[in-house]
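Residue numbers (UniProt numbering): 1 to 158.
No residue lacks a Cβ here, since even glycine has one placed at the ideal position from N, Cα and C.
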């Protein structure tokens, strides 16, 4: 089961945060934490905390399961509110400065191989009763065919 963590109104431009988001998308969580710890960009610190928060959220939802197979399933960065400020410019004018912020949403889940193994186990459990039904239905039409052959033979003799 997947877990979500959100970072709201972080005061850096979405473009700068997307550089890091693209770097960690689809990777294993332990590699992501190591990579963000040594990344020199300033949004790496809150993004690392966000990944740790998502891991804790996943642990609470899936007690007793191993988190070694966790992967950053999706991560996206949306623009937050923009603060508009004025900066003095030549000849009595003012330039507008836009101080941007962003929202980051991170979803972690187990890797696809682990999901496939779980689906195979469920499919095998469901397949056993289905095979019994198929065998029973295969026997029933055979009786109908035999009865139909007998009736055609009798009609030919008459």
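Range of the contiguous alpha helix (DSSP H) that encloses residue i
i          : result
residue 48 : 44–61
Through-space distance from residue j to residue i, alpha-carbon basis
i           : j           : result
residue 101 : residue 37  : 22 Å
residue 98  : residue 85  : 6 Å
residue 26  : residue 63  : 23 Å
residue 94  : residue 88  : 5 Å
residue 69  : residue 31  : 11 Å
residue 71  : residue 107 : 9 Å
residue 49  : residue 15  : 19 Å
residue 28  : residue 35  : 11 Å
residue 61  : residue 92  : 59 Å
residue 96  : residue 8   : 24 Å
residue 56  : residue 90  : 52 Å
residue 53  : residue 59  : 10 Å
residue 24  : residue 12  : 18 Å
Endpoints, the beta strand (DSSP E) within which residue i is located
i           : result
residue 86  : 83–88
residue 111 : Per DSSP, residue 111 belongs to no beta strand (DSSP E) and is neither H nor E.
residue 96  : 94–99
residue 78  : 70–79
residue 25  : Unbroken run through residue 25: none, as it is neither H nor E.
residue 9   : 3–10
Closest by C-alpha distance to residue i, when choosing among the options
i          : options          : result
residue 47 : 6, 110, 73, 1    : 6
residue 10 : 91, 24, 111, 104 : 104
residue 73 : 15, 110, 23      : 110
residue 39 : 3, 96, 8, 17     : 17
residue 22 : 61, 112, 75, 55  : 75
residue 77 : 53, 20, 58       : 20
residue 1  : 96, 90, 66       : 66
Cβ-heavy atom distance, residue i to the ligand MN, below 6 Å
i          : result
residue 41 : As presented, the structure is devoid of all ligands, the ligand MN included, so that no description of it is given.
CB contact below 7 Å: residue i versus chain D
i          : result
residue 84 : As a matter of chain content, chain D is missing from the structure shown, which is built from one protein chain.
How do the region 79–99 and the region 29–47 stand: do at least 3 beta-carbon pairs fall below 8 Å, yes or no?
-> no
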